[in-house]
Every structure is written in structure tokens, then in C-alpha cells.
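S.K.: Numbering (the numbering used here), first residue to last: 12 to 445.
We treat Cβ as the ideally placed atom computed from N, Cα and C, and that holds for glycine.
Given the structure is predicted, the values throughout are model-derived calculations rather than measurements.
Sharing a structure with you now.
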Amino acid sequence: MKKYLERRKAAIEARMKEIRADLESDQTEASSVEKLEKEVTELSEELEAIKAELTKLESGESGDASTAEGEGERDGDEGEEERESDETEQRGKQFFDTEKRDAIVNNILKSLSSESRKQAKTGEQRKAFANYLVGRISENEARAMGVETTNGKVLIPESLSKEIITYAQEENLLRKYGTRVQTKGTQGYPVLVKKAKAQRIKTERTLDNPIPQTDINFDEVFLNPSEIDALVLITKKLLAMTDMPVEQTVIEELKKSYVEEEANFFFNSTDNPGSLIQKAVAFNPGNMEVYDKLVRLKNSVPTSKLKNSRWMMNRAALTAIETLKDKDGKPLLREAYIEGSFGYRILGYPVDVTDYVDGSTPDVPRLYFGDFSSFHIQDVINTLEVSKLLEKYSDTNHVGFKIWHLNDGQLIYSPFEPTVFKLELTTDGGTASA
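Shown next, in the form of C-alpha cells:
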């Protein structure tokens with residue numbers, strides 16, 4: 012019974028979406044408006060009844076429904092579809108007025124499930140945003156579909172903003188494992204720079220022997236959001252002649268170029284005092300075997316941070332570790348020496364490989380180990396936007412698309428509890444300069 016009701020509910024919602032699409036295409040004839048309005052009303056009432064019955068079934072309060080009634084409803088649906096087919100063939104050329112159409116569409120939207128409405132609105136908004144970018148709809152049309160625009164700039168819809176951030180998390184591992192905050196104000200983090208000290212005394216305290224005072228000092232590290240932007244150019248000829256979805260390609264390229272710049276700023280920027288390459292503690296254990304360095308590096312992280320620690324390295328470090336040999340010439344990267352296999356765990360901790368660890372020296376085997384949740388990222392609310400540049404590139408018949416955002420990302424920790432260490436390896440077993 013429940014399966015039938017769910018199928019019927021899906022069929023009704025699908026039919027309502029078809030009616031809505033027909034109405035919004037402005038191709039529905041005036042002679043059909045009353046029948047469509049009646050059909051929508053009947054479908055709405057049936058849908059509400061089905062939702063109520065499903066709610067009862069889920070709470071265990073529903074009774075059995077007769078099979079004959081279900082078959083009668085299906086037969087009625089088939090007869091109704093045949094009548095609709097006959098009416099479609101007899102359509103005239105006169106169309107009904109806009110107010111009537113909008114009233115029926117609103118009725119359909121009210122009847123559809125909230126999830127379906129949300130998905131439909133998100134899809135329409137994303138499509139409108141993309142089409143506005145490439146000039147297929149006007150600014151007024153984009154606004155009508157929920158896209159916010161101002162002075163030639165368009166604020167990226169929340170759904171697409173989440174898509175960009177999700178893509179950034181996949182490519183930029185510091186976004187994936189770091190701590191992200193969204194705020195418009197200044198974001199500060201207190202860092203302990205002087206600890207308290209306790210004492211033990213065997214005699215009772217007196218006025219002449221009070222408890223010694225100790226100070227606790229904190230420094231505060233402030234995230235300082237800066238501009239990050241990316242620009243792509245598309246020829247007007249391509250926009251005018253191609254049948255391919257250029258707007259989707261534009262969005263994809265903006266995402267890729269934005270994420271590349273952001274990740275390089277987080278990992279390797281010399282202008283960012285909290286970038287990973289500058290703020291991670293350089294680990295220099297001296298001249299010893301690579302495997303011993305990995306063990307010592309792991310054990311250098313404070314015990315409280317080991318639970319969430321992981322390895323992050325470039326491909327050069329991957330090669331250096333995978334080619335380790337024992338005294339008998341056998342690969343050292345085995346369960347007896349390093350738990351699991353590369354790509355999963357080393358010394359019991361998960362491993363990630365990314366080219367962003369390269370920096371300006373891709374040939375240097377570089378790896379990080381520690382708790383990357385101490386890398387803090389601030390995204391300023393409602394600053395992810397796109398500008399369409401028409402005049403600037405008009406003399407070369409191009410259209411420019413620029414993505415712009417305000418954010419910052421820094422590795423933040425107390426000197427008493429460093430969270431991430433950096434190790435650079437050389438092929439002779441030594442350590443490269445930090």
C-alpha cells in the first residue's frame with residue numbers, strides 16, 4: 012500500500028510539473044485553461060490526501076486501503092489522460108491571460124513537496140545565473156528568477172557558492188581539513204604565549220609567604236581577508252555560434268582558476284604569514300635514514316594533536332617513500348614496517364598527496380604532518396561574486412568574466428603546542444633546507 016501511494020505521489024508531482032512547464036511556455040490555449048485548472052485542483056486534493064495517508068502509515072496508524080479503490084484510481088487516471096489527448100488535438104489558436112496562468116502555476120507550486128520546490132528553484136536560479144553571464148537573458152529577467160545583480164556584478168547564488176566551495180575542498184586540502192568561519196567582521200584567535208605555573212608548599216601559607224603570582228599572556232592572531240580574483244575570456248563569435256553550453260564551461264573555468272589561486276595562497280604564499288610553507292615548524296632531525304625521520308616527525312607532534320593528525324605530501328615525497336629499501340633490498344613500505352599501504356596510512360595515520368605542496372620547488376620531496384584543523388579560513392559573507400566585462404575587451408571581440416571573493420587562511424597555533432611540522436627530504440638521506 013505504501014509503495015503504491017509513493018508511486019502515485021510521484022506521478023502526480025510529475026504531472027503537475029508537466030502542466031507548469033506547458034503553462035510557462037505560453038503555448039497553452041484559452042479553451043484548455045478551465046480543464047487544466049480543474050485538473051490541478053483535483054490533483055492537489057488527491058496529493059494532500061496521499062501525503063496524509065503516508066504520514067499515518069509512517070507513524071503506524073494507517074489502516075489498509077482496498078485494492079479495488081487503487082485500481083479504480085489508476086483506471087480513472089488512464090481515462091483522464093485519453094481525454095487530455097483528445098482535447099490537445101482540438102486546441103485553438105487563442106491563448107488565455109497571464110493572471111490565470113500564474114494562478115494555476117502558484118497552485119501547482121503550493122501542492123508540490125517543499126523539497127521539490129526547493130530543487131526546482133535552485134535549478135532555475137543556477138540556470139538563470141549562467142545564462143545571464145553569457146548574455147542570454149537580461150538583468151531584469153535574472154533578477155526575476157532570484158539572481159542578485161548590481162552595477163554589472165552578479166552575486167553568486169548560494170547553491171552555486173556551495174558548489175564552488177565544495178570543489179575547492181576537493182582540490183584544496185586545507186579547505187577540506189581546516190576550520191572555516193563565515194563572518195563580515197574581523198576574526199581573531201587568542202594564542203597562549205606565557206603559561207601559568209603552580210607551586211607546591213609543605214608548610215601552611217602565611218601573610219609573609221603568599222602564593223607567588225604568575226601571568227598568563229596571550230597574543231591574538233587576526234585573519235586579514237584580502238581580494239582573490241580570476242578572469243576568463245570568451246570570444247563573442249563562440250557565444251553567438253556554438254550550441255554547446257558555454258555558460259557551464261565559463262562557470263567551470265572560473266571555479267578552477269579561483270581554487271588554484273586560493274590553494275597557492277594557503278599553501279605557498281610568501282605574502283601570507285600563516286601559509287603552510289611559512290608557518291609549519293621546520294623539522295630538521297639531522298643525518299639519518301628517511302624511515303627514522305618519519306618516526307621522529309610523527310612523535311614530535313603533541314599527544315593532544317595526534318588523534319586528528321595526518322600526512323600531506325607532494326609526489327616527490329611519495330616517490331622517496333615508495334622507493335625506500337631495507338638492508339636486504341626489499342621495499343620498506345610494507346605492513347611490517349609502515350602500516351597499511353601508501354595512499355591509506357603511514358605509521359598508522361592517513362595520507363594525502365597534492366601538487367600544491369610543491370610550491371616553487373616541485374623536485375624537492377616535501378611533506379607535512381600534524382593536525383590541519385588548526386588552519387583557519389575566513390570567508391567574508393556575501394562577497395563571492397562575478398562581473399561580466401563587455402566594454403573592456405570589446406576591441407578584440409571578447410567577453411570577460413571575473414570571479415571575486417574576500418577571504419584569508421592561516422595556520423594558527425601556540426608556540427607551546429605546535430600543530431603541523433614540515434620535513435623536506437634529499438635522496439642521500441639528508442634534509443633539504445627549509
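1. Buried or exposed, going by whether 16 or more other CB atoms sit within 10 Å of the CB of leucine 263?
2. How big is the Cα-Cα spacing for valine 270 and glutamate 182?
3. Mark glycine 189 as exposed unless 16 or more other C-beta atoms lie within 10 angstroms of its C-beta, in which case mark it buried.
4. Can you tell me whether isoleucine 222 is helix, strand or coil according to DSSP?
5. So aspartate 390 packs on glutamine 193, CB below 8 Å; how close in whole Å?
6. Contact defined as beta carbons within less than 8 Å: I believe aspartate 363 pairs with arginine 321. What is the distance between those atoms, to the nearest angstrom?
7. Measuring straight from C-alpha to C-alpha, what distance separates threonine 330 and histidine 409?
8. Would you kindly report the start and end of the unbroken beta strand (DSSP E) that includes valine 364?
9. Quick check on DSSP: helix, strand or coil for aspartate 33?
10. Whose C-beta lies closer than 7 Å to the C-beta of alanine 328 among residues of the same chain, with five residues either side of it excluded?
11. Work out the CA separation of proline 236 and aspartate 303 for me, nearest whole Å.
12. How would you write the range of the beta strand (DSSP E) that asparagine 393 sits in, first residue to last?
13. Between lysine 309 and leucine 358, how many whole angstroms is the CB-CB distance? I'm expecting something under 8 Å.
14. So, are the CB atoms of phenylalanine 276 and serine 286 less than 8 Å apart?
15. Given a cut-off of 8 Å on the beta-carbon distance, is the pair aspartate 219 and asparagine 319 in contact?
16. What did DSSP end up calling threonine 334 once you bin it into helix, strand or coil?
17. Could you pull the DSSP bridge partners for arginine 377 from this structure?
18. Relative to the C-alpha of threonine 394, which candidate in Tyr404, Thr407, Gly340, His416 has its C-alpha closest?
19. Check whether the Cβ atoms of isoleucine 288 and glycine 370 sit closer than 8 Å, and answer yes or no.
20. Out of Glu57, Glu48, Leu47, Asp33, which one is the CA nearest neighbour of alanine 22?
21. Which residues mark the beginning and the end of the beta strand (DSSP E) in which isoleucine 288 is found?
22. Following the continuous beta strand (DSSP E) through methionine 12, name the residue where it begins and the one where it ends.
23. If we count the other Cβ atoms within 10 Å of its Cβ and call it buried at 16 or more, is methionine 27 buried or exposed?
24. What's the gap between the Cα of arginine 191 and the Cα of leucine 242?
25. How about leucine 185 and phenylalanine 278: are their beta carbons less than 8 Å apart?
26. Skipping 5 residues on each side, what residues in its chain have a beta carbon closer than 7 Å to that of isoleucine 115?
27. Among the candidates Gly420, Thr372, Tyr404, whose CA atom is the shortest distance from the CA of serine 385?
28. What's the call for threonine 430, buried or exposed, on a 16-neighbour Cβ count within 10 Å?
29. In whole angstroms, give me the CA-to-CA distance for methionine 323 and lysine 195.
30. Over what stretch of residues does the alpha helix (DSSP H) that includes methionine 252 continue unbroken?
31. Buried or exposed: where does glutamine 101 fall if 16 or more other Cβ atoms within 10 Å of its Cβ makes it buried?
32. Of the residues Arg356, Lys20, Thr407, which one's Cα is nearest the Cα of glutamate 247?
33. Which first and last residues belong to the alpha helix (DSSP H) in which aspartate 303 is found?
34. So is isoleucine 222 buried or exposed if we call it buried at 16+ other beta carbons inside 10 Å?
35. Would phenylalanine 427 be called buried (16 or more neighbouring beta carbons within 10 Å of its own) or exposed?
36. Can you give the Cα-Cα distance for lysine 267 and isoleucine 175, rounded to whole angstroms?
M.R.: Working from what's here:
1. Note that residue 263 is glutamate in the sequence shown here, rather than leucine. When all chains shown are included, glutamate 263 counts as exposed.
2. 7 Å
3. buried
4. coil
5. 5 Å
6. 7 Å
7. 44 Å
8. 360–364
9. helix
10. Pro376, Arg377, Leu378, Leu436
11. 40 Å
12. Segment: none, asparagine 393 is in no beta strand (DSSP E) and carries neither H nor E.
13. 5 Å
14. yes
15. no
16. coil
17. Glu435
18. His416
19. yes
20. Glu57
21. Premise fails: isoleucine 288 lies in the alpha helix (DSSP H), 287–290, not in any beta strand (DSSP E).
22. From DSSP, methionine 12 is part of no beta strand (DSSP E); its letter is neither H nor E.
23. buried
24. 25 Å
25. yes
26. Leu34, Leu47, Glu48, Val51
27. Gly420
28. buried
29. 31 Å
30. 247–252
31. Bear in mind that a pLDDT of 44 at glutamine 101, under 50, signals an unreliable position, so the number given afterwards is only what the model happens to contain. It is exposed - the Cβ of glutamine 101 has fewer than 16 other Cβ atoms within 10 Å.
32. Correcting the residue type first, residue 247 is lysine in the shown sequence and not glutamate. That would be Thr407, whose Cα lies nearest to the Cα of lysine 247.
33. 301–311
34. exposed
35. exposed
36. 9 Å
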